[in-house]
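To start, the structure itself, in structure tokens.
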Amino acid sequence: MTDLAAGMRALLAEQDGVVNRRQLLAAGVSASGVRSLLRRRRLTQVHPGVYVDHTGPLTRLQRWWAAVLYAAPAGLSGRSVLAFHGLRSGTAEPVSVVIREGRTVDPPAGVVVHRCRRFTELLDRSPGLPRTTLEEAVIDVASEATTDGDAVAVLAEAVSSRRTTAGRIAERLALRARLARRELLGAILADVAAGACSVLERAYLRDVEQAHGLSAARRQVRASSRGTVFRDVDYEELGLLVELDGRMDHSHVADKDRDLDRDLDAAVDGKVTVRLGHGQVVGRTCATAQRLGRLMQARGWTGEVRRCPSCRGDL
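Be aware that the sequence shown starts at 21, since it is given in my numbering, and climbs by one per residue.
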């Protein structure tokens, strides 16, 4: 835009073509100059006081910039940050932004504004679009998830994407004294950081097996058909093994290869292996118990799956 100063053109380039009125005035563009740019369609209004340097459809990044500049000082937050990092648990609409507690901002259509007294602590120091850290966004989304299983899925995706670690998320979680699911998220993150899955093992024993009256199993059973291994859950009389995979970063070929070898060895010994993760054990507990009960019955178990307080409908 030749009628804007070089500094203003550089700012537009940095902000993907989006600018707010305050920035234009600070750069020396007069109020009448802003009106002239709008009249000549050199700028197009996105939100009140926020403009883009073209007349076509906005990109997703431009929508994020427009929301942040409208509420400035503000930062992209929540699911919008997850989307910014390319995570499936994120979403582009509505755009979520966070501002300092005590401010009043009337959000335009398609924008949700959150307030936080720790506003400056939440922000990522990386250049570019102002946004909260990925760790803060993950915690926010996980704590607001509809179910515990959905919350765990958010953690799992963030960690397995390698964009963050369980340890970094846990460090941020430690600063959040009052938060929904804080105990659950903290326990899972601690175990994942340590490479263990005891949270999953406890949840399986208590919420799947015992709560639904399934056959009792032996745990951490030593086996040595191919070197020394330990089976997580062994229903020996039924020839059924349950392996609990609590690792959130489980994408390495070598890891999968070892698991497949273990399953093959179990099959050689005449056993069926069922692998369960957080989604089955924490998120879909009752449905998992129902299906395991049917599998057990098909292999000779004479018991019945019983309803737990969380069960809905007929098992």
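Backbone N, C-alpha and C define an ideal beta-carbon position, used for all residues, glycine too.
Taking all protein chains in view, the Cβ of Leu-58 is surrounded by fewer than 16 other Cβ atoms within 10 Å, so the residue is classified as exposed. Of the candidates Arg-138, Gly-98, Leu-204 and Arg-326, the residue whose Cα lies closest to the Cα of His-298 is Leu-204.
Val-262 sits in a strand when the DSSP states are folded into three classes.
Per the C-alpha coordinates, the member of Arg-62, Glu-256 and Glu-177 positioned closest to Gln-240 is Glu-256. When DSSP states are grouped into helix, strand and coil, Leu-143 belongs to the strand group.
With contact defined as three or more Cβ pairs closer than 8 Å, the stretch 101-118 and the stretch 160-177 are in contact. Inter-segment contact for the stretch 191-203 and the stretch 148-168 is present: three or more beta-carbon pairs are separated by less than 8 Å. Contact annotation: Val-115 and Ala-87 have beta-carbon atoms nearer than 8 Å. No residue range can be given for Gln-35, since it is assigned to no beta strand (DSSP E) and is classified by DSSP as neither H nor E.
Thr-305 sits in a helix when the DSSP states are folded into three classes. In the assembly as shown, Arg-251 is a buried residue. Its beta-carbon has 16 or more other beta-carbons within 10 Å. Here Gly-290 is exposed, its C-beta having fewer than 16 other C-beta atoms within 10 Å. If the five residues before and after Phe-139 are omitted, its C-beta is found closer than 6 Å to the C-beta atoms of Arg-120, all from its own chain and listed in chain order. If you compare the alpha carbons of Met-28, Gly-98, Cys-331 and Arg-80 with that of Glu-164, the shortest gap goes to Gly-98.
In this structure, DSSP gives Leu-96 an extended state, which the three-state scheme calls strand.
Between Arg-295 and Glu-324, the beta carbon gap of about 25 Å keeps them out of contact (Cβ cut-off 8 Å). In this chain, the alpha helix (DSSP H) harbouring Arg-80 covers 80-91. If you draw a 10 Å sphere on the C-beta of Glu-229, you find 16 or more other C-beta atoms in it, and that means buried. In this chain, the alpha helix (DSSP H) harbouring Arg-42 covers 41-46. Per DSSP, the unbroken beta strand (DSSP E) holding Leu-296 starts and ends at 292-296. Ala-287 and Leu-220 have their C-alpha atoms some 24 Å from each other.
Nearest C-alpha to Asp-254 among Arg-198, Leu-102, Asp-73 and Leu-312: Leu-312. Bridge partners of Cys-136 according to DSSP: Arg-120. Around the Cβ of Asp-144, a 10 Å sphere holds 16 or more other Cβ atoms; the residue is buried.
Here Val-72 is near Leu-78, since their CB atoms are less than 8 Å apart.
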